[in-house]
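Okay, structure first, notes after.
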Amino acid sequence: MRLVERSREMAAIAAAFDRCRTAGSEIVVVSGTAASGRTRLLREVVSVVSAAGTPVLTAAGSPAETSAAYGVARQLWRSAGVEAEFEAYVRGAGPGRRVQPTELICSELLTSIGDRPVLLCVDDIEHVDPLSRGILLHLQRRLAGRHVLVLLTAGDSAWTTVPSFDAELHRHLPCRRLRLGPLSQAAVAEVLGEPGTSARAAAYHLASGGNPLLLGALIADGEHLAPAGPRLVHADAMFKSAVSACVHRGDEALLAVARGLAVLDRAGPARLVKIQPGLDAGEAARGVAELTRTGLLDDTGGFRCPEARAALIEATPAAERALLHRRAAELRYAEGAEVTAIAPHVLLAAEPRPSWAAGVMAEAAAEALRNGRPGTAADYADFALSTGTSTDPQVLALVTLVRAKWHTAPSAVTGHLPGLRAALRAGSLDERGVESLLSSLLWAGRFDEVEQIARDDPGARTGGARTSLAWLAFLRPPAAGDPARGGPALATLAGASGQEPAGQAAARAEAVLQNCEHTDPLVETVLATLLTLVLIDELDLAASWCTRLAADFRRRGLVTLTAVVEMVGADVTLRRGMVPAAIRDAGAALAIMSRASWGVGAGYALGTLIVAQVEGGLLDEAAVLLRTPLQPGLLDSTLGLPYLYARGCHALASGRPYAAVEDFLRCGGMLAGRGPELSTLVPWRIGLGQAYCALDRPDDARAVLEEQVRRVADGPAYLAGVALRLLAGLAGAGRRLPTLQRAAGVLENSGHHREFALSLAHLSNEYYSLGDSRRSRKTARRVLEVARQCGCEDEIRELLLGGDGSDVADLPGENGDRYPELTEAEARVARLAANGLTNREIGQRLYLSSSTVEQHLTKIFRKFRISRRTDLIGMARDEPGPRVSALRAS
2 MRLVERSREM
12 AAIAAAFDRC
22 RTAGSEIVVV
32 SGTAASGRTR
42 LLREVVSVVS
52 AAGTPVLTAA
62 GSPAETSAAY
72 GVARQLWRSA
82 GVEAEFEAYV
92 RGAGPGRRVQ
102 PTELICSELL
112 TSIGDRPVLL
122 CVDDIEHVDP
132 LSRGILLHLQ
142 RRLAGRHVLV
152 LLTAGDSAWT
162 TVPSFDAELH
172 RHLPCRRLRL
182 GPLSQAAVAE
192 VLGEPGTSAR
202 AAAYHLASGG
212 NPLLLGALIA
222 DGEHLAPAGP
232 RLVHADAMFK
242 SAVSACVHRG
252 DEALLAVARG
262 LAVLDRAGPA
272 RLVKIQPGLD
282 AGEAARGVAE
292 LTRTGLLDDT
302 GGFRCPEARA
312 ALIEATPAAE
322 RALLHRRAAE
332 LRYAEGAEVT
342 AIAPHVLLAA
352 EPRPSWAAGV
362 MAEAAAEALR
372 NGRPGTAADY
382 ADFALSTGTS
392 TDPQVLALVT
402 LVRAKWHTAP
412 SAVTGHLPGL
422 RAALRAGSLD
432 ERGVESLLSS
442 LLWAGRFDEV
452 EQIARDDPGA
462 RTGGARTSLA
472 WLAFLRPPAA
482 GDPARGGPAL
492 ATLAGASGQE
502 PAGQAAARAE
512 AVLQNCEHTD
522 PLVETVLATL
532 LTLVLIDELD
542 LAASWCTRLA
552 ADFRRRGLVT
562 LTAVVEMVGA
572 DVTLRRGMVP
582 AAIRDAGAAL
592 AIMSRASWGV
602 GAGYALGTLI
612 VAQVEGGLLD
622 EAAVLLRTPL
632 QPGLLDSTLG
642 LPYLYARGCH
652 ALASGRPYAA
662 VEDFLRCGGM
672 LAGRGPELST
682 LVPWRIGLGQ
692 AYCALDRPDD
702 ARAVLEEQVR
712 RVADGPAYLA
722 GVALRLLAGL
732 AGAGRRLPTL
742 QRAAGVLENS
752 GHHREFALSL
762 AHLSNEYYSL
772 GDSRRSRKTA
782 RRVLEVARQC
792 GCEDEIRELL
802 LGGDGSDVAD
812 LPGENGDRYP
822 ELTEAEARVA
832 RLAANGLTNR
842 EIGQRLYLSS
852 STVEQHLTKI
862 FRKFRISRRT
872 DLIGMARDEP
882 GPRVSALRAS
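For the sequence shown, the numbering used here gives the first residue as 2, with consecutive numbering after it.
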C-alpha cells in the first residue's frame, strides 16, 4: 500500500537532514503504535536519500533477536563495509578482557563515514539487544562534529522498555520527535480511490481505525472475496494475519491483554487482571490503551471488527483459551450477569466445571430458544444434561433440547422422548414440557401413545396440552363405532389452533397467526390455523400469511416451521392454478427437511407436490415420489389423505382408472362424518367423477358430481363449479351451455384461476359449437388473459385449439372488422389454415369434408387475389407482404 498522509513527517525529516549538512548531526525519533507505518516511512526516506547518492546505514531490531548479542550493531557495521573490523571487536570483547575496545570499533565506523552526510537508520529501537544499544549510545556521543542524521523508529511503549536509552539520547545531540497517528478518513479514501465522504471509505476507516497495516489487509481481502450482502468491508485471512502481527509486535503483556479482551470483550483493567492474573492493573491499562491506539479497539473498549476478536481467539492455544473461558464464566457469574452472557464461556471452559453450570446452561438454552436460536439452545441444553445432577435443571434442559431439535430436525428428538415420559410420570414435567412431549409424539405419528398419556395422566388434559389433543382429533379419523374419536374438521382445527369452534373463522385464524410471529409456537397451532384458511377457501389470506410467517421463521432458524408453512404456501399456489410455481415451491419446501423429519406431514407434503406434477404433466417424476417409503400408519391419518388423493390423480392420468377409483373411495370413507369443509383438502368426489368418466360409467360419474353440487351450501363453492364443468361434459349437445355458464359464474371470483380458465375454455368451445362465433372469440380472449396470469396458457391454448368444435381464439381480429369479404364459414377455414393446419385437420376441427375445405380455400384465394397459403398467413398475422397490401388496397 502506498504511503499517504505522511508528507508532514517526510518534510520534517528532510529538513533535519538539510540541517545536518551544515549544522552537524541530529537525531529524529519516529514513534507510533504497532503497524502505524513507521517502517514504511523509514523505507521511503531511505529510498529518497539513496536515490540522491547519500550513504545510508540501516539496521532493524526484532523481538526474536533481542537476546542475540551485537545483532543490530553487526547490521550497521556490515552496511558501512567494516564488518571484518567489527567481528575483530567482538572477538576481543568480553568480561575476561581488561580493556573494552568500543572506542576503536566506533572509530573504524567514523573513519568509513568521514565528513560526508550520512543517514543512519535503526528500526524498532525497543527490540535492539542491550549490547548494541550501548554501542549506539557510544557512537552518538562521537557524532557532534559529523554530518549524520540518526533516524530511529520506536513503538509508543518503547520508552517504558528502555527508559535509560531514551534519556541518554537527549544529552549530546539535538533530538526531534515525530509521532505517526492513524490515517484520517480522507487518507483512507485516497488509498481506495474513493471520494472522501463515500460510505465505503467511512466503512474501511471505521473497521481499520486508520491503521495502515489493517487497512491494507482489508483491501487485499476485499479484492479476493466476492461481495456478500450489504457489507462494504470484508475481513478474511489477510486481516486476521495483520491482527496477529499487531499484537505480536508488542510485549507479552500486550498479547495477554489482547487475548483476555478477545475472550471477555469490553473489559476494563480491573476485570482483565481477574482472568489474566499474570498482569497487574498498570500493564492491563497500558495494553488497553495501546490496542485502542493501534485501531483494534474502539473508544468503548470493544473490537472495531468482529473478525479481529475471532482471529485472536483462534490464535490462542487451546488450553489457554479454555482456561480463559473458565475464568470469564466465573467472573460473570460472580458479577450476576445474564445467563446468556455466561453460557458461551461455560460451553468452552476448561474442567473442572462449577456446580452452578448446569442450571445456568439450562436457563440459557431456554432463553436462546425464545430468541430464535435453536442451534445454540440445543448446544446449551446438551451441555446441561451432561453436567448437572439436579432434577429441575435436567428437566428444563431436556424440554428445551427436544423443542430446539424439533425446530431443526424433528427426527432427532425420538431418543429424548422416553426421558420426557419418565419426567411426566415423576410429576416433574411442566405444561410446556407436556406440550413438547405430546406434540413430538403426534408429529411422529404415535397416536396411541398420546391417547394413553391422556388417559393415564390428568395433567396431560389441561392447559396447552388441549391443543395437542384437539390436533389428535383432527389427525386421526373416527374409527367405526367410536364416535368419541375425531370430529368435524373445522371444530377440531379450531381447538388445535386455540380458537373457538363458532364465530368468524378467518378473523379468529388471523388473531392466532399474529400470536405465532416472534414466538415459539407449536406446529399444530400454525398448521391447523393455516389449514383452516385453506378449508374455508380464503386463499389470498392464506398465501399472505404463509409468506409472512415463512420469512419470520426462516430469519429465526426455525427450519421445521419454515418447511411446513412453505408447503402450505405451495398448496395454496396450486389451488390458485399456478402449476409451475407450485411444482417449484413444493419441491423446495420438501427439500428443506429429510423425509423422516416430515413425520405425519409427509403425506401432505408429498401429496401437494405429486398433484402439482400430475397437473403439470410430469408423471414420471410423480411416480418416483410415489415410490417413497412412508412411515407406518401415515395413510390412516388425515394428513395422509393428500397422498392418497395424489396417488389416485396419478393413477387416473397414467391410464389406471380402477386404481384411481379405489384411492378416491378410500378418501371418501375416511372423510365420512368429518364435515363438508374437509372435502376441500382432498376433493375426492371430483377425482372419482373423472375416474368414472374414464371407465365409461357416465351415470356413476353424474351421481357423484351432482352430490358435490348439492353440497355447495355446506362448503366452499368452487368445488361445485368444478363439478358443474364436468357435468356439462356429460350432457348432450345443446344442453351444456347453461351448466358451463353456471360453472364459470361460480368460479369467477373463487381464486381458483386455473379451474376458472378451464370452465371458460369449455364455454368458448360450446359457444362455437352452437354457431355463436362472436361470443366464442370474446370468451376465448378472456380465458387466455386468465391463463397467462396463472401460467397455464399452453394447456388452455391446446384445449381451445383441440376441443370439439373449438374456435381459434389467438388469431387477431373478428371477421366483421378485418375480413368483411369472407363469410363466417370462410373466415373459420381461413383462420385455421393461417395457423398452419392441413385441409384434413381443418375438416376434422370443423366437421367438414376435405373437398368442402378445398372449396372454401378456393373462394378465399379468389377474393384476396392470392394463390399461396403463406400470403394468407401474412394477412392473418397482420404482416402482409407488398403484394398482398397492394391487392387489398386496390
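Backbone N, C-alpha and C define an ideal beta-carbon position, used for all residues, glycine too.
- In the same chain as A316, and ignoring 5 residues on each side of it, the C-beta atoms closer than 7 Å to its own belong to S245, in chain order.
- The C-alpha of T295 lies about 12 Å from the C-alpha of L216.
- Using a Cβ distance threshold of 8 Å, Q709 and R686 count as a contacting pair.
- Of the other Cβ atoms in all chains shown, 16 or more fall within 10 Å of the Cβ of L682; this residue is therefore buried.
- Runs of alpha helix (DSSP H) with 4 or more residues, each lying fully within the segment 418–477, are found at 418–426, 432–444, 448–457, 466–476, listed in chain order.
- With contacts defined as CB atoms closer than 8 Å, D458 and L425 qualify as a contacting pair.
- With the rule of 3 Cβ pairs closer than 8 Å, the segment 543–552 does not count as touching the segment 352–370.
- In this structure, DSSP gives C668 a helical state, which the three-state scheme calls helix.
- Per DSSP, reduced to three states, the secondary structure at D266 is coil, with no helix or strand assignment.
- Take R20, set aside five residues on each side of it, and the residues of its chain with a beta-carbon closer than 7 Å to its own are E27, in chain order.
- D572 carries a helical assignment under DSSP once its states are collapsed to helix, strand and coil.
- In this chain, A35 is not harboured by any alpha helix (DSSP H), its DSSP state being neither H nor E.
- Within the model, the alpha-carbon separation for A285 versus D157 is close to 15 Å.
- Close CB contacts of A732 within its chain, under the 8 Å cut and outside five residues either way in sequence, are with T740 (chain order).
- R354 is positioned such that its CB atom lies no closer than 8 Å to that of A342.
- For D124, the enclosing beta strand (DSSP E) stretches over residues 119–124.
- Under the three-state reduction of DSSP output, L838 falls in the coil class, being neither helix nor strand.
- Taking the Cβ atoms as the reference, L640 lies roughly 18 Å from G674, outside the contact range of under 8 Å.
- Here S437 really is in contact with L421; their C-beta atoms are around 7 Å apart, less than 8 Å.
- For T526, the enclosing alpha helix (DSSP H) begins and ends at 524–536.
- By the neighbour-count definition (other C-beta atoms within 10 Å, threshold 16), A69 is an exposed residue.
- Spatial neighbours of C694 in its own chain (CB-CB distance under 8 Å, excluding positions within 5 residues in sequence) are listed in chain order as A702, L727, G730, L731.
- Counted as a single uninterrupted DSSP element, the beta strand (DSSP E) harbouring R177 occupies residues 176–181.
- Between the segment 10–17 and the segment 135–143, the count of Cβ pairs shorter than 8 Å is below three; the stretches do not touch.
- The count of Cβ pairs closer than 8 Å, one atom from the segment 594–601 and one from the segment 615–623, stays below three, leaving the stretches out of contact.
- If you check the CB distance, G618 and I584 do not come in under 8 Å.
- Apart from sequence neighbours up to five positions away, the residues of its chain that approach L121 with a beta-carbon distance below 6 Å are L58, V149, V151, ordered along the chain.
- Contact annotation: L559 and P411 have beta-carbon atoms that are not nearer than 8 Å.
- For T112, the secondary structure class from DSSP, reduced to helix, strand or coil, is helix.
- Scanning its chain for C-beta atoms nearer than 7 Å, with the 5 sequence neighbours on each side dropped, one finds around G608 the residues P643, Y644, Y646, A647, in chain order.
- DSSP lists L298 as the bridge partner or partners of F304.
- Its Cα nearest to that of F862, the residue A834 stands out among A834, S850, L849.
- Shortest Cα-Cα distance from A238 to any of A311, E169, H173 involves A311.
- Boundaries of the beta strand (DSSP E) harbouring G156: 149–156, taken from the DSSP string.
- Within its own chain, the residues whose Cβ lies closer than 6 Å to the Cβ of L132, once the five positions on either side in sequence are excluded, are A70, Y71, listed in chain order.
- In this structure, A188 places its C-beta atom within 8 Å of the C-beta atom of V5.
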